[in-house]
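One structure below.
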Amino acid sequence: HEVPAGWRVTQETRQTGATAGVMDKYFFSRDGYKLRSLVDVWRYLTQLGAEGRDAREETWLRTLNRYGTDCKHWAVACPPPTDLPEAPIFHPTAEDLEDLGA
């Protein structure tokens, strides 16, 4: 999945040691910082502050805030960069409750 403009993701295979063959994913920010996890990406974007983030980074951060950094839902922040929908809120009226037999 795509990351915001100027960012890149690499995967490297460990060559030696007990974990040889394991793939590591690294995120590189648009200013060159190497981040080793989505937790690091979240921390970096948070520290940038709203004025330092572009629209796609803002969407990515909001997605990480909503879904967490331990899942892969960050991909929903990929194109197009749109506002994340809010869950609908149901405000029943007295008539609605009467219809339900409440």
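Under our numbering, the first residue of the sequence shown carries the number 102, and numbering increases by one thereafter.
The beta carbon of each residue, even a glycine, is placed where N, CA and C say it ideally should be.
Sort the options by Cα distance to residue i and report the nearest one.
i: residue 125; options: 133, 117, 137, 153; result: 137
i: residue 133; options: 170, 198, 110, 122; result: 110
i: residue 169; options: 144, 149, 148; result: 144
i: residue 150; options: 141, 123, 162; result: 162
Contact defined as beta carbons within less than 8 Å: I believe residue i pairs with residue j. What is the distance between those atoms, to the nearest angstrom?
i: residue 105; j: residue 158; result: 5 Å
i: residue 128; j: residue 142; result: 5 Å
At the level of alpha carbons, what is the spacing between residue i and residue j?
i: residue 180; j: residue 130; result: For residue 180, the predicted model reports a pLDDT of 43, less than 50, meaning its position is unreliable; a value from the coordinates is still stated below. When rounded, the distance between both Cα atoms is 18 Å.
i: residue 193; j: residue 156; result: 36 Å
i: residue 204; j: residue 197; result: For the chain, the structure presents residues 102 to 203; residue 204 sits outside this window and is missing.
i: residue 160; j: residue 154; result: 9 Å
i: residue 108; j: residue 199; result: 55 Å
i: residue 119; j: residue 164; result: 35 Å
i: residue 117; j: residue 123; result: 10 Å
i: residue 114; j: residue 167; result: 30 Å
i: residue 171; j: residue 195; result: 42 Å
i: residue 112; j: residue 103; result: 14 Å
Taking only runs of the alpha helix (DSSP H) that begin and end inside the segment 122-163, which ones reach a length of at least 4 residues, in chain order? As summarised for the segment 122-163, the continuous alpha helix (DSSP H) elements at least 4 residues long and confined to that stretch are 139-149, given in chain order.
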